[in-house]
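If you use my numbering, the sequence shown closes out at 503, no skipped numbers anywhere. Yeah, the Cβ is synthetic: ideal placement off N, Cα and C, and Gly gets one too. These figures come from a predicted structure and were not determined experimentally.
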Amino acid sequence: MTNALSSDRVRVRFAPSPTGFLHIGGVRAALFNWLYARQHQGDFLLRIEDTDQERSEEKFTQDFMASLRWLGLMWDEEPIFQGKRLEVYREKAEELIERGFAYRCFCSEAEVGVMREQAMKEGKKPQYNRRCRDRKEASVGLPFVIRAKIPLEGHVDFTDMIRGPIRFENADLDDFVLIRSNGAPTYNLSVVVDDVETRMTHILRGDDHINNTPKQMHLYQFFNYPVPQFAHLPMILGPDKKKLSKRDGAVSANVYRAEGYLPEALLNFLARLGWSHGDQEIFSMSEMIQYFSFNHVQKSSAVFNAEKLLWLNGAHIRSAKSERLREIVLEDFSHYFSSPALSRVQTPLGLHLVTLIQPKVKLVAELAQQLVPLCTPGTVEVDATDLKWYKDPQLKATLQAAIQNVLGSLSKKMEGAPHVRTGGDLVWGTSPSLGDQGMSSVDMDGFFRQISEQHGVKLGDLMQPVRLLLTGRMVSAGLFELLSLLPWDLVQARLAKIQTL
Ligand code: GLU
3 MTNALSSDRV
13 RVRFAPSPTG
23 FLHIGGVRAA
33 LFNWLYARQH
43 QGDFLLRIED
53 TDQERSEEKF
63 TQDFMASLRW
73 LGLMWDEEPI
83 FQGKRLEVYR
93 EKAEELIERG
103 FAYRCFCSEA
113 EVGVMREQAM
123 KEGKKPQYNR
133 RCRDRKEASV
143 GLPFVIRAKI
153 PLEGHVDFTD
163 MIRGPIRFEN
173 ADLDDFVLIR
183 SNGAPTYNLS
193 VVVDDVETRM
203 THILRGDDHI
213 NNTPKQMHLY
223 QFFNYPVPQF
233 AHLPMILGPD
243 KKKLSKRDGA
253 VSANVYRAEG
263 YLPEALLNFL
273 ARLGWSHGDQ
283 EIFSMSEMIQ
293 YFSFNHVQKS
303 SAVFNAEKLL
313 WLNGAHIRSA
323 KSERLREIVL
333 EDFSHYFSSP
343 ALSRVQTPLG
353 LHLVTLIQPK
363 VKLVAELAQQ
373 LVPLCTPGTV
383 EVDATDLKWY
393 KDPQLKATLQ
403 AAIQNVLGSL
413 SKKMEGAPHV
423 RTGGDLVWGT
433 SPSLGDQGMS
443 SVDMDGFFRQ
453 ISEQHGVKLG
463 DLMQPVRLLL
473 TGRMVSAGLF
483 ELLSLLPWDL
493 VQARLAKIQT
503 L
């Protein structure tokens, strides 16, 4: 069989069936196709395989498109909907009958069932016995299917871009059905008709389709089309080495979005599931496009590792532009915020806070959670039960005194500060910050060390309640930076709550 000409422009497609949400195995198939197209300046097409009208649902098609858009895996041409092309597939099957590559089969399902059993009894694969293959007379009015006329002998060879040379015996292929008795095309027919019409050069898909490939190769040949190159991607398994379950990550790509994963982190993770480029773990999109190669995709299944995905997400959050992270917060997590807090997120000070939080979190949702109390006007709810002093009245008394001292000393530093903030465009309201008064985070560090020494407490013990009062949380962005940056009226009001703890 002839192979697609290597000089052809690369054209690939992602062809999901809308019978469920786009899960991560599908995303990986889309990604590898997209990377290959981008790498070769080729075309990436989206084809919705909705020929099974009972199981296909519009909401899943919408989910695919929304997920691919979010991931940035954009298709280059109008999507193809197979459900709208049923007539085309029937015409193509008729054409194959006329040209001697297919035939009508009038055997009933029950009869075919008996033939298959008979074949098994004879120690053969369960197959249709080709009774109608050479039948001359037409049985007018009887229901029929259309079957492919597969050569009885010989074999089909191809070199999979991942698995290397593969051979299938024609005798094992059966005269498979192209058009069912209700007129619906089978997967193998509609795929090939569309691959031919859209001039696909490479078929990159899950290895659950490997047994379909020799059948489809015959069909390409029947349609006089050079056989595309194939790459069958190994499965993604759960940590238990079994089929990936929902609990382990076989969920819609949208779920990852809602949890605060960045699209580039999810793609980086999926690219590395089965593919490697030396020891490198973290890839930008352009690096993935540059380095991706089927030569380095492993043949065996890859195992899903949720911890690694989280780690990669943290790495991509660290290197993301803070403006973009803020956009994501506003777009996907605005429901976390009150409306005054939301307006604060949109200011330059809001953006500055994002830059402080971003090195500390692994999920955008976490970033949003940390941003909420910082941007909320007034004081925040605190839960003192986690504090070390909670069961130590002695320590509590010492720390309360120390924090009063902090408040007193810092108030002094603010004396004489102008009532209008000088911090330029970072402003929230009118209160200046300690930073505006020249007290940097480094100065703040020195100041807290001095206070902790003075009161005979550990710096960490002093910072714990200060952090909780200021941010409402036990974990936050750099405390000294926040103390220097946030408007003094907010810092003061929050630290003053020490008396109520
Ligand atoms: N609709 C098939 C699937 O979702 C596509 C297989 C192919 O790419 O040919 O598995």
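Query, Result
"Tell me which same chain residues have a C-beta within less than 7 Å of the C-beta of I405, skipping the five on either side of it?", "P467, V468, L497 and I500"
"Just the C-alpha distance for I330 and V366, rounded to the nearest angstrom, thanks.", "8 Å"
"Near G156, which residues of its chain fall below 6 Å by C-beta distance, leaving aside the five closest residues on each side in sequence?", "N172"
"Rounding to the nearest angstrom, what Cα-Cα distance links M3 and T215 in this structure?", "Confidence at M3 is low in this model, with a pLDDT of 46, below 50, so its placement is unreliable and no value can be given for it."
"Along the chain, which unbroken stretches of the beta strand (DSSP E) at least 3 residues long are found entirely within the stretch 92-146?", "104-107"
"Locate the alpha helix (DSSP H) running through Q2, then write down its first and last residues.", "Residue 2 is absent from the structure shown; the chain starts at 3 and stops at 503."
"If we call anything under 8 Å between Cβ atoms a contact, is A273 one with F294?", "yes"
"Which parts of the stretch 241-301 are runs of the alpha helix (DSSP H), unbroken and 4 residues or longer, counting only runs that do not cross its ends?", "255-261, 265-274 and 287-293"
"By the 10 Å Cβ neighbour count, where 16 or more other Cβ atoms means buried, how is Q218 classified, buried or exposed?", "buried"
"Relative to the C-alpha of P236, which candidate in L246, S341, M290 and V253 has its C-alpha closest?", "L246"
"Evaluate the contact criterion for the stretch 85-104 versus the stretch 142-162: three or more CB pairs, one atom per stretch, below 8 Å.", "yes"
"So, with DSSP's three-state summary, where would you put I164?", "coil"
"Take P167 as the anchor and find which of K86, Q231 and L175 has the nearest alpha-carbon.", "Q231"
"Should R207 be counted as a contact of the ligand GLU given a C-beta to heavy atom distance under 7 Å?", "yes"
"Given 7 Å as the limit, tell me if E51 has its C-beta closer than that to any heavy atom belonging to the ligand GLU.", "yes"
"Using only the alpha-carbon positions, how far apart do Q360 and D447 sit?", "21 Å"
"Looking at the strands, I want to know which residues DSSP matches up with I83.", "Looking at the sequence shown, residue 83 is not Ile but Phe. DSSP lists I50 as partners of F83."
"Is H298 close to the ligand GLU? I mean its beta-carbon at under 7 Å from any heavy atom of the ligand.", "no"
"Tell me which residues share the same chain as L503 and place their Cβ nearer than 6 Å to its Cβ, disregarding the 5 neighbours each side in the sequence.", "A386"
"Could you have a look at S321 and say whether DSSP puts it in helix, strand or coil?", "helix"
"Using the C-alpha atoms, what's the distance from R451 back to A399?", "18 Å"
"Per DSSP, which one or two residues make a beta bridge with Q231?", "H204"
"So what does F339 bridge to, in DSSP terms?", "Note: F339 sits in no beta bridge, so no partner."
"Give a yes or no on whether the C-beta atoms belonging to E358 and G462 are separated by under 8 Å.", "The displayed chain sequence assigns Leu, not Glu, to residue 358. Contact flag unset, no."
"DSSP three-state label for P236, please.", "coil"
"Leaving out the 5 sequence neighbours to the left and right, which residues in its chain are closer than 8 Å to R92 when beta-carbon positions are compared?", "I181, G185 and P187"
"Using CA atoms only, rank isn't needed, just tell me which of Q64, A31, N256 and T53 is closest to W277.", "A31"
"DSSP three-state call for G22: helix, strand or coil?", "coil"
"Apart from the five residues on each side of it in sequence, which residues of its chain come closer than 6 Å, Cβ to Cβ, to F66?", "P18 and L24"
"State whether the stretch 45-53 contacts the stretch 72-79, with contact taken as three or more CB pairs (one from each stretch) at a distance under 8 Å.", "yes"
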